[in-house]
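Novice: Protein chains in written order, with my numbering: chain B, 368 to 676; chain C, 368 to 676. Virtual Cβ for every residue (Gly too), placed ideally from N, Cα, C. Computed from a prediction, not measured in an experiment: that's the story for all the values here. Please find one structure pasted underneath; my questions will follow.
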């Protein structure tokens, strides 16, 4: 019997990964708010540079998880993690005893509220490395990457996680299971913290300009995130900063996700990328003045954006 | 015989102080580039909230200091201090042996190039606390304040400085002579460094919003500037940070000069306010990670502004 999957937050990320699971044979339903009418009628049109184009017709298209008919083996939460979105409330109606909760989301230290709300459920934390955009209602353009990393909390790999990895691998993206998903979140934060914040605070620079002009500040922020991760007992490779710097020099100039949100007037994941890292630093007594400065400046930028609404 | 004064950079600051000196009886000429034709024909119209309105007809209106007829007792340099403006080149043609060079300009550590270029001249460093705007060609609106502080370099008060102070005091603004003008520059930088940079990097917040939202960052930057000044042997009052914070809470919300430049697409005094302070910190081995972060971000912001020209 095919796995029953419910995607909550079927936008550029959730819609794309849902479409992949459906392609691999899963029974995939979606909760989508803004594009509900369109998706209900037409499904999703996926255009992927790497994987071709196809239509994804979900099994059920819902406005609310409460309307889901059946029991999900997996609920995939793919929303942004921002103060305005209450993840537990979104998940609650669709989570039964057998349901594994999977979140494919950004940030560090975002696990606890889900673990606390669903103490008896399997919880799988997931990270996506992907560029994809919703370009029209129900139309998703997958530009590049797509790599997923999944792991059970607090640190293991279950058979359900392996099964989900397999489905993704069959569908054409690389999905890897890890016993150290929390460490991986910190590893991703090494890159995300400087580049996301500096791209917004500079008013729109791409990664390469930031690096060429202010590599020292990028490295200082990376080093502070590294030190915080260490203090939280998540040991990152000692050359992780050099690797990130070199890879970013080698990448084409790139607009960060936070910059795209900023340019489109969408809320930014300031709290889960910068705020949570900073709070972990304060809790563990790690000095992080550069991170503190860019976080404070992001809060000022957000304040100014709210003023001008 | 009345003092002969040449103003170089007769904009909102130079035009206003020139008009005051003329009012006090000095023989005041101006070098003004952008408004030359208008000022040549009509002089300046000064509208001051505190001091009333009057016309200021300069003795000579010049495009270049080289055209100045006579010997100036004082040359007042009132331009911004930005990399695009070569102050020595502007001064050179008007400076004779008897001429005292006065600069009424922002920033710290801006003295040396003038001292080096004119080793035999009296050099007077000046600081203005003023809100005034050029609202039309030759039309200057003086909104508030106007207080001047003057002092000879490296640290004394000459009779020429006292005479200039007297002229200003006769004209209606408070002008004070000090033997510690360099210390005063650092004192002003305590306020300027955080509020100018944060107002721009936030995208346009006024002083009160900045302070209410991120007082800790403001204090951290102030403390670093304080420590740098200490290391440079300019001892500021120990309660200077609290005083600045309290005064800013008490002030009406205020747009900084750097924010006004930013909003009008003019070059900003990033280097002389933040860059010079930071370089002094590096030279003296003072840790200044917050100042370093905001300076690096200002450089990124400027890079992005240049890209979008």
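Quick check on residue 657(C) - is its C-beta less than 8 Å from some C-beta in chain B?
Specialist: Output row for residue 657(C): interface = yes.
Novice: Does any residue of chain B bring its CB to less than 8 Å from the CB of residue 622(C)?
Specialist: Taking Cβ atoms only, chain B never reaches closer than 8 Å to residue 622(C), which makes this a no.
Novice: For residue 576(B), which residues in chain A fall below 7 Å Cβ to Cβ?
Specialist: Going by chain labels, chain A is absent from the structure shown, which instead holds the protein chains B and C.
Novice: Can you check which of these residues, 384(C), 370(C) and 404(C), is closest to residue 504(C) by C-alpha distance?
Specialist: Comparing Cα-Cα distances from residue 504(C) to each of 384(C), 370(C) and 404(C), the minimum goes to 404(C).
Novice: Does the ligand GDP have a heavy atom nearer than 7 Å to the CB of residue 666(C)?
Specialist: The model on display carries no ligand, and the ligand GDP is accordingly not part of it.
Novice: How many whole angstroms separate the CB atoms of residue 381(C) and residue 443(C), which I take to be in contact at a CB cut-off of 8 Å?
Specialist: At roughly 7 Å, the Cβ-Cβ gap stays under 8 Å, so residue 381(C) and residue 443(C) are in contact.
Novice: Can you tell me where the beta strand (DSSP E) holding residue 469(B) begins and where it ends?
Specialist: Here the beta strand (DSSP E) through residue 469(B) covers 467 to 471.
Novice: For the segment 554 to 584 of chain C, which residues have a beta carbon sitting closer than 8 Å to at least one beta carbon of chain B?
Specialist: So the close ones are 565, 568, 569, 570, 571, 572, 576, 577, 580, 581, 583 and 584.
Novice: How long is the line joining the alpha carbons of residue 519(C) and residue 667(B), rounded to whole angstroms?
Specialist: Roughly 40 Å separates the two Cα atoms.
Novice: Comparing the C-beta of residue 379(C) with each C-beta of chain B, is any distance below 8 Å?
Specialist: Chain B contact via Cβ: absent.
Novice: Between residue 663(B) and residue 584(C), is the Cβ-Cβ spacing less than 8 Å?
Specialist: Yes.
Novice: Is the beta carbon of residue 531(C) closer than 8 Å to that of residue 441(C)?
Specialist: Cβ atoms of residue 441(C) and residue 531(C): closer than 8 Å.
Novice: Residue 483(C) lies in the beta strand (DSSP E); which residues open and close that run?
Specialist: Taken as a continuous stretch (DSSP letters only), residue 483(C) belongs to no beta strand (DSSP E), being part of the alpha helix (DSSP H) at 479 to 484.
Novice: I need the DSSP call for residue 562(C), collapsed to helix, strand or coil.
Specialist: Helix.
Novice: Whose C-alpha, out of 653(C), 625(C), 632(C) and 633(C), is nearest the C-alpha of residue 640(C)?
Specialist: It is 625(C).
Novice: Label residue 552(B) either buried or exposed according to how many other C-beta atoms from any shown protein chain fall within 10 Å of its C-beta, with 16 as the threshold for buried.
Specialist: Burial call: buried.
Novice: Using beta-carbon positions only, say whether residue 655(B) and residue 595(B) come within less than 8 Å of one another.
Specialist: Yes, they are a contact pair.
Novice: So, helix, strand or coil for residue 378(C), using DSSP?
Specialist: Here residue 378(C) sits in coil by DSSP.
Novice: Who are the near neighbours of residue 373(B) in its chain, counting only those whose CB is closer than 6 Å to its CB and skipping five residues on each side?
Specialist: So the qualifying residues of the chain are 396, 435, 439, 442 and 461.
Novice: Quick check: the segment 446 to 465 of chain B against the segment 399 to 418 of chain B, are there 3 or more CB pairs under 8 Å?
Specialist: They do not touch, by the three-pair rule.
Novice: Check whether the Cβ atoms of residue 670(C) and residue 572(B) sit closer than 8 Å, and answer yes or no.
Specialist: Result yes, Cβ atoms of residue 670(C) and residue 572(B) sit closer than 8 Å.
Novice: How long is the line joining the alpha carbons of residue 637(C) and residue 645(C), rounded to whole angstroms?
Specialist: In a straight line, the C-alpha of residue 637(C) is about 11 Å away from that of residue 645(C).
Novice: How many whole angstroms separate the CB atoms of residue 426(B) and residue 402(B), which I take to be in contact at a CB cut-off of 8 Å?
Specialist: That pair is no contact at about 17 Å.
Novice: At least one CB of chain B closer than 8 Å to the CB of residue 660(C): is that the case?
Specialist: Residue 660(C) counts as touching chain B.
Novice: With DSSP as the reference, please indicate the residues paired to residue 506(C) in a beta bridge.
Specialist: Residue 506(C) pairs with 412(C) and 503(C).
Novice: Go ahead and label residue 618(B) buried or exposed: buried means 16 or more other beta carbons lie within 10 angstroms of its beta carbon, across all protein chains shown.
Specialist: So residue 618(B) ends up on the exposed side.
Novice: Provide the residue(s) that pair with residue 624(C) in DSSP beta bridges, ordered along the chain.
Specialist: DSSP output for residue 624(C) lists no bridge partner at all.
Novice: Within its chain, find whatever has a CB closer than 7 Å to the CB of residue 577(C); leave out the 5 residues flanking it on each side and keep chain order.
Specialist: Around residue 577(C): 562, 565, 566, 569 and 585.
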